[in-house]
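Report on one structure; see the data block that follows.
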Amino acid sequence: MKYAEIALDVPPSIGASFTYTIPDVASRFVRLGHLVFVPFRTRVVIGIVVALSPCSAVANPRAILRLALKAPLLSPIQLQLAFWMSRYYRISLFRTLIQFLPPGYVFRKGKYVRSFGITDPTLTKHQSALLDSIPKTKWIPVVKLTGSNPEGASLLSDLSQLKAMGLVDTVDQIVDITVTPKFDDHLSLTQLGKEAFKKGLIDKFRTPRRFQLVQELALVGFPMPKSELKVRYRSDILKVLEAKGYLLTQKLRQNRVPAIQNDTCSMQVLPTKASSATWEKTEMVFSKHGNKFLPMLIKGGSPGENREIYLALIANCIATGKKALILLPDTLSVDQVFCDCATRFIGQVAVFHSGLSQGQQYDQWEEIQKNKYTVVVGSRSALFLPIKNLGLIVCDAEHDWLYEYDDVLPSYNAKKTAAKLAELNKALYVMSSVTPTVETYYETQGRIYPPPSMENESKLFGSNRAEIIDMRLEGADRISTIISARLRNALRECLQNGGQAALLLNRRGTAAMVYCRACGYIFRCVTCDYVLIRQSGFQLYCNNCRSRETYQDRCLSCSSQNIVDLGTGTEKLKQEVMSLFPEITVMKWDKDSAPGIKTQRTIAQEFQRQKIDVVVGTQMILKGLDVSSVSLIGVISADIGLQSTDFRSTEKTFQLLGNIPRQLKDIGTNISLIIQTYQPSHYAILGGLRKDYESFYNREISDRQKFQLPPFTKIVKVSRVATDSYLAREEIMALSRRLRENLGRSRDISSIVGPVPSHPHRFKGRYKWDLLLVGQNPNGFLHKYNLSSNWIVDVDPVSVF
DNA sequence: AGCACGCCGACT
DNA sequence: GTCGGCGTGCTC
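In terms of our numbering, the first sequence opens at residue 1079 and continues consecutively.
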């Protein structure tokens, strides 16, 4: 193995790596997954070893300089997953790989220097002073070095002289570890203490409590954190025993273990053994599984029942000596499932999501790498944890769009990536949902449990408890423009009986748009052209770039003051509820008012403690809320998504409605559900309410086939962004022409849509155009074209318009 | 991404 | 004749 393939932080190299030779002396040390320093042009940068090979692809490769970190940080399976992701999603290999590194490892660019710890008698005074200021153990930025040489020679020339003499070393990129391990006081028994305990010299310890402490430490056999012991033993006990020489305090590594969030735990008592029906389902999954490792779908029942299935699957998996990974779409769900798993498999469960502190994330990463856990519960980022020997991956609430979407680039589909990871591990991959995406349902045909024919869907919420309010019939005597008379009455009744209510709406802010009645002008964001919503009072807000603008009370186009709000957002809804019922507590729950997991937990707890009467918000409510105390759920405008042109919008509406009963079924309390809509007979709304998945699916899948949409085809979105609107348009037109020339000749794509201006067309002052490639293998088709870094390629885009 | 290279215009 | 502006293209 004389050569190494190394991924570098060079943007255009999609899935590509560079070849370097491994010096003979280093060949024993360099392994797959190592971070190494390599010469690159005139610089020294960090690379990641992705392959070792006996031959070179290029003529005269340069040599690896040395290791950047002692331990290799990526396993062969992780490298394979990264190769796949990099190729499939067209992300640079390096950018893909860094997601697998421990939390808190940051790459920094710039000149850094480190000394070799030796000196030379011929140095000038200034040179040796400079050398003394450079540490041996740590890379420090050259810009941080102070002082200049008054005799003329500058700091930089002194430095290059030191480098030439082999006294210091410089690099142009480092990996900086921003997270530090936590050390805490730990108590352990001294030799004296152990002997005294062994001899049973109880009276030596004088009091029973002191003896108990010594006994506990002797039984545990390793040092225990002082903070933990202080909870159970008075501090004078610790002090006395230490003073007598029985105990010893040492600063030892303390793991920042995330606490189980008991308040969000969905079930108080967990059965120790899964119900027989659950085992039956699990057995079915395992027996059908065979050795093909194809994704499977559990079209589940209640959340409680699903959890039982997961727990059974996990138990089955860890019995074979393998590890399990449970994926959830959001942090709140992670908390809940972590609680369930951690109480069942005590001490064996790790948790991982972005809501944890960096220190907690780091400690969990490290403990997982050291094989301390057998189960990992986490959000999409948990896919990149160093879990060895995976036997099972579960993806809960498969329909959740958060698996496909993230603000942070690079964007990838977590479900698809999880399937690949399962395949690489030869692990079982199980997805679960009551309202699976039509794509998943189609792709798992034959591997759905229970099989569709066996399905005995309860139509609990079909007709008896859900009411559909046709908003077209809402009369002229409206008190509220948003809340129908029926919902208003139901709310009043609910509140009078001391009940709690949740109102759902899919849009944040107070209005969908602010509109001038005189000239038809619509307020838009200055940088994005996105329609602005009214956040509160005179504040306008851009949901796209999150900038705020002040609303001037006058039309910007015709200066008329006849300005109205069209549509509704959560803020407006909250105000309406407050004006209708001034004496109650209303809480808003959406991405604006509860951005982090902490605020979400707080709202959930407050609601549970009945400190909030009505909660108003987006679908986030359904995920986090313990709805056992809710007696009324209102969906303000169920059809809000149906107006969208995106082909997945119907499905989204169905999923929203279809998941309301899911949350409530277990509880069985007297909950009424009121759905307001302008399209009361739409199949997505009726199907969602009736929980009639099969009918919805059949209709939707035939439409997808008719229009040749996924899952029958794949879509790749190619976008061009430029500050010059003309340039962006011209370039995408030119590309479109080039691609269309080969349209008929390739089997990879069947149609090209566009170019169309993106939605939104303008973002942070830059113009964007889209082109959609539709077909069996649009990615492969695109591979033949060399697109520069000005182009953005989105494989399997979440929304197409 | 960086950085060298290269081709133009403005200056000691 | 040299310095420096930025547009192009390559880096194992």
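We put the CB at the ideal spot given by N, CA and C, even for glycine.
Cβ neighbour criterion (16 or more within 10 Å) applied to residue i
i     : result
C1417 : buried
E1306 : exposed
N1491 : buried
R1818 : exposed
P1219 : exposed
L1152 : buried
R1816 : exposed
E1772 : exposed
Q1733 : buried
D1631 : exposed
F1300 : exposed
G1736 : buried
C1572 : buried
Q1578 : buried
I1424 : exposed
T1409 : buried
I1196 : exposed
Euclidean distance between Cα positions of residue i and residue j
i     : j     : result
D1262 : W1443 : 19 Å
I1124 : V1116 : 6 Å
P1789 : Q1783 : 8 Å
I1641 : L1610 : 14 Å
V1427 : M1509 : 20 Å
Q1205 : S1238 : 10 Å
S1852 : L1330 : A small correction: the amino acid at residue 1852 is Val; Ser does not occupy that position in the sequence shown. Taking the straight line from one Cα to the other gives about 58 Å.
Y1183 : Y1440 : 9 Å
R1334 : R1422 : 21 Å
L1348 : F1685 : Note that L1348 scores a pLDDT of 45, beneath 50, so its modelled location is shaky and nothing firm can be said.
S1170 : S1750 : 51 Å
T1696 : L1651 : 11 Å
A1274 : E1445 : 34 Å
Q1339 : N1467 : 28 Å
Y1098 : I1142 : 6 Å
M1549 : I1763 : 14 Å
K1448 : G1456 : 18 Å
C1620 : S1715 : 21 Å
I1404 : S1211 : 49 Å
F1194 : P1303 : 38 Å
For residue i, three-class secondary structure by DSSP
i     : result
W1667 : strand
E1772 : helix
W1217 : coil
V1655 : helix
D1102 : helix
P1488 : coil
S1305 : helix
L1086 : strand
K1504 : coil
D1781 : helix
F1261 : strand
A1568 : helix
D1441 : helix
F1790 : coil
R1121 : strand
T1628 : strand
T1074 : The displayed coordinates of the chain run from 1079 to 1879. Any statement about residue 1074 would go beyond what the structure contains.
Q1574 : helix
Nearest-angstrom beta carbon gap, residue j and residue i [assumed within contact, 8 Å]
i     : j     : result
G1896 : L1582 : Any property of residue 1896 remains undetermined from this structure, which presents the chain solely from 1079 to 1879.
A1085 : F1172 : 4 Å
T1522 : L1375 : 4 Å
L1326 : T1268 : 5 Å
I1830 : S1814 : 7 Å
V1127 : G1111 : 6 Å
A1082 : L1130 : 6 Å
R1140 : V1114 : Actually they do not touch by this definition, with Cβ atoms about 12 Å apart.
P1407 : Y1481 : 6 Å
Original post:
Which runs of the beta strand (DSSP E) fall wholly inside the region 1386-1428 and span at least 3 residues, in chain order?
Top reply: Entirely contained in the region 1386-1428, the beta strand (DSSP E) runs reaching 3 residues are, in chain order, 1401-1405.
**OP:** Let me know the alpha helix (DSSP H) ranges lying completely inside the region 1157-1186, each 4 residues or longer, listed in chain order.
**Re:** As for any alpha helix (DSSP H) of minimum length 4 sitting wholly inside the region 1157-1186, the runs are 1171-1175, ordered along the chain.
Original post:
Taking only runs of the alpha helix (DSSP H) that begin and end inside the region 1265-1300, which ones reach a length of at least 4 residues, in chain order?
Top reply: Segments of the alpha helix (DSSP H) lying fully in the region 1265-1300: 1269-1276, 1280-1283 and 1286-1298.
Original post:
Where are the beta strand (DSSP E) runs, 3 residues long or more, that stay fully inside the region 1794-1874, in chain order?
Top reply: Those beta strand (DSSP E) runs which fall completely within the region 1794-1874 and span 3+ residues are 1829-1841, 1844-1853 and 1869-1873.
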